[in-house]
Amino acid sequence: MPLMPGAEPYHHEAGEIGVLLCHGFTGTPQSLRPWGEYLAAHGLSVSLPRQPGHGTKWQEMNRTRWEDWYAELEKAYEDLRGRCAEVFVGGLSLGGCLALRLAEVHGPAIRGLIVVNPSIANDVPLLRLAPLLKWFVPSVAGVANDVKKPGVTELGYSRTPVKAAASLPGLWSLVQADLAKVRQPLLVFHSVEDHVVKPTSVAIIREKVPQATIEELTDSYHVATLDNDAHRIFAGSLDFIRTHASVPLQRD
1 MPLMPGAEPY HHEAGEIGVL LCHGFTGTPQ SLRPWGEYLA AHGLSVSLPR QPGHGTKWQE
61 MNRTRWEDWY AELEKAYEDL RGRCAEVFVG GLSLGGCLAL RLAEVHGPAI RGLIVVNPSI
121 ANDVPLLRLA PLLKWFVPSV AGVANDVKKP GVTELGYSRT PVKAAASLPG LWSLVQADLA
181 KVRQPLLVFH SVEDHVVKPT SVAIIREKVP QATIEELTDS YHVATLDNDA HRIFAGSLDF
241 IRTHASVPLQ RD
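Just so you know, the sequence shown maps onto residues 1 to 252 in UniProt numbering.
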């Protein structure tokens with residue numbers, strides 16, 4: 001199925017430190033590409049895959065589940081690990097949740113995590129109904145493009161595929177149950193005004209992952225990687241990687 005223009009994955013070969021970036025639910029690599037390009041310009045190898053069912057039509061996404069998205073990230077992670085001495089993982093929204101799951105599974109093989117407005121809790125009433133709604137309606141209103149900055153648009157679906165959304169509670173439950181396994185350094189960027197993900201997720205991380213550093217973003221909505229605080233995320237993540245990597249960046 002043809003891709004939306006701009007929804008292509010992004011990859012950059014550079015130094016011995018690799019970063020895997022995970023985009024969000026119904027979004028595309030476009031939402032994280034400036035982040036990936038910033039890190040690449042500072043000597044990091046970057047992998048930003050497109051998750052199955054994303055970047056084409058929402059109807060195709062209804063044929064996928066969270067296990068499919070996670071499997072794609074596992075594949076990208078193994079490839080990056082085979083080429084780099086160390087790997088960091090970052091993600092936006094549900095991509096942050098999938099990043100946390102990778103850390104739970106792979107432990108110290110993942111050097112550190114950077115997540116932006118992560119979604120790990122079933123705190124949206126409509127999504128709680130998704131397992132029932134999927135039998136009656138194929139889609140509901142979309143959640144993409146929650147951006148404060150004028151003139152900036154996130155590339156994502158205008159509709160939320162209900163069958164795909166109905167698989168999310170299983171992922172959230174799994175990630176929450178295993179959060180104690182996340183022992184890597186963790187940097188969390190949290191928008192104080194977010195119209196997609198409620199503060200519940202960050203509160204759970206704050207409680208269960210004591211080493212997490214949480215930084216508030218005051219001038220961005222949910223898709224902060226395209227918003228007014230984007231450079232703060234980019235520069236902060238680079239500093240975080242520089243601090244926690246055991247090998248030097250190729251270009252500092």
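Positions of the beta carbon are idealized from the N, C-alpha and C atoms, including for glycine. All of these numbers come straight from a predicted model, not from anything done at the bench.
Exercise. So what does DSSP say about alanine 165, is it helix, strand or coil?
Worked result: For the purposes of this step, residue 165 is taken as the residue at position 165 of the sequence shown. DSSP places alanine 165 in helix when its eight states are reduced to three.
Exercise. Is there contact here, the segment 45-63 with the segment 22-33, by at least three beta-carbon pairs under 8 Å?
Worked result: yes
Exercise. Name the DSSP beta bridge partners of glutamate 86, please?
Worked result: One-based indexing of the sequence shown puts residue 86 at position 86. Answer by DSSP bridge pairing, in chain order: Ile17.
For this session: Using 10 angstroms around the beta-carbon of alanine 18, count the other beta-carbons present and answer buried if the total reaches 16, otherwise exposed.
Result: As a working mapping, residue 18 is identified with position 18 in the sequence shown. Reading off the sequence, residue 18 comes out as glycine, not alanine. Buried, since its Cβ has 16 or more Cβ neighbours within 10 Å.
Exercise. Identify the residues that DSSP records as bridge partners of valine 188: which are they?
Worked result: Taking the sequence shown and counting its residues from 1, one reaches residue 188 at position 188. Note: valine 188 sits in a beta bridge opposite Val115 and Ile214.
Exercise. From histidine 244 to arginine 33, what distance separates their C-alpha atoms?
Worked result: The residue you call residue 244 lines up with position 244 of the sequence shown. The residue you call residue 33 lines up with position 33 of the sequence shown. Going from the Cα of histidine 244 to the Cα of arginine 33 covers about 23 Å.
For this session: In angstroms with no decimal places, state the Cα-to-Cα distance between alanine 144 and glycine 95.
Result: The sequence position of residue 144 within the sequence shown is 144, counting from 1. The sequence position of residue 95 within the sequence shown is 95, counting from 1. Alanine 144 and glycine 95: Cα-Cα distance of roughly 14 Å.
Problem set entry | Inter-residue spacing [alpha-carbon to alpha-carbon] between threonine 225 and aspartate 68 | One-based indexing of the sequence shown puts residue 225 at position 225. One-based indexing of the sequence shown puts residue 68 at position 68. So the alpha carbons of these two residues sit roughly 24 Å apart.
Exercise. Below 8 Å between beta carbons: does that hold for leucine 20 and valine 115?
Worked result: For the purposes of this step, residue 20 is taken as the residue at position 20 of the sequence shown. For the purposes of this step, residue 115 is taken as the residue at position 115 of the sequence shown. No, the Cβ-Cβ distance between leucine 20 and valine 115 is not below 8 Å.
Exercise. Are the segment 146-155 and the segment 74-90 touching, with three or more C-beta to C-beta distances below 8 Å?
Worked result: no
Exercise. CA-CA distance, methionine 61 and alanine 165?
Worked result: Reading the sequence shown from its first residue, position 61 is the one you call residue 61. Reading the sequence shown from its first residue, position 165 is the one you call residue 165. Their backbone Cα atoms lie some 9 Å apart in a straight line.
For this session: Return the Cβ separation of asparagine 117 and histidine 222 in integer angstroms, given the expectation that the two are a contact with Cβ distance under 8 Å.
Result: Position 117 of the sequence shown, counting from 1, holds the residue named residue 117. Position 222 of the sequence shown, counting from 1, holds the residue named residue 222. Contact flag correct, Cβ pair sits at about 5 Å.
For this session: Measure how close the beta-carbons of alanine 99 and glycine 107 come, nearest whole angstrom, since I'm counting them as under 8 Å.
Result: As a first step, residue 99 is located in the sequence shown; it is residue number 99 there, counting from the start. As a first step, residue 107 is located in the sequence shown; it is residue number 107 there, counting from the start. The pair is not a contact, with the Cβ atoms about 14 Å apart (cut-off 8 Å).
Problem set entry | C-beta contact flag for serine 31 and glutamate 193 at 8 Å | Your numbering for residue 31 matches position 31 in the sequence shown. Your numbering for residue 193 matches position 193 in the sequence shown. For serine 31 and glutamate 193, no; Cβs fall outside 8 Å.
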